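Asks: Counting from 9, one number per residue, gives the positions in the sequence shown under this note's numbering. The beta-carbon is built from N, C-alpha and C at its ideal position, and this holds for glycine as well. These figures come from a predicted structure and were not determined experimentally. Here it is, the structure, as structure tokens.
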Amino acid sequence: MLSSHLLHQVQAVCDRVGLFHRGRMVLEGTVHDLAQRVLGGAYRIHLEAEGGPAVEDALRRLPDVIQVVRGGVQTYHIETRSDLRADVARSVIEAGGKVLALSADIPRLDEIYARYFQKKEVAYAVAA
Numbered sequence: 009m010l011s012s013h014l015l016h017q018v019q020a021v022c023d024r025v026g027l028f029h030r031g032r033m034v035l036e037g038t039v040h041d042l043a044q045r046v047l048g049g050a051y052r053i054h055l056e057a058e059g060g061p062a063v064e065d066a067l068r069r070l071p072d073v074i075q076v077v078r079g080g081v082q083t084y085h086i087e088t089r090s091d092l093r094a095d096v097a098r099s100v101i102e103a104g105g106k107v108l109a110l111s112a113d114i115p116r117l118d119e120i121y122a123r124y125f126q127k128k129e130v131a132y133a134v135a136a
């Protein structure tokens, strides 16, 4: 067991984490599970690809895709429930497109922590 406020180190060392509020555990699970519950989508994939509407349609049909947002002519921001980078690349190619760049933002425990307690403060302010 490890107790620390250095959340980046906790994420690097621990398989499961628990977040406490006022002496009680309020969240527990893997970082991936907590990201799903607090942030909605666990992964944000950034894609630059040629191929137009056929590529966008193919991306939207992938399982575990929450949303696809067009960021420019060849740029897509994809929110997913799991790491779909390989599936995204395959979909682009199968749709006749060309992958120019592909990366993912893996959720960080400090981001999950901040968002969870930000929501809790808003709920408290509304209830007060």
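(1) Which partner residues of residue 113 appear in the DSSP bridge assignment?
(2) Does the region 62-82 come into contact with the region 15-28, if we say contact requires no fewer than three beta-carbon pairs (one atom in each stretch) closer than 8 Å?
(3) Pick helix, strand or coil for residue 17, following the three-state DSSP scheme.
(4) Using 9 Å as the threshold, is the C-beta distance between residue 121 and residue 27 below it?
(5) Evaluate residue 48 with the Cβ neighbour count: other Cβ atoms within 10 Å of its Cβ, from every protein chain shown; 16 or more gives buried, anything less gives exposed.
(6) Going by Cα to Cα distance, which pick from 31, 59, 21 is closest to residue 81?
(7) Have a look at residue 132 and residue 116 and give me their C-alpha separation to the nearest angstrom.
Replies: From the atom records:
(1) 52
(2) Here the region 62-82 makes no contact with the region 15-28; the two share fewer than three CB pairs at distances below 8 Å.
(3) helix
(4) yes
(5) exposed
(6) 59
(7) The predicted position of residue 132 is uncertain, since its pLDDT is 48 and thus under 50; a value taken from the coordinates is nonetheless stated next. Going from the Cα of residue 132 to the Cα of residue 116 covers about 25 Å.
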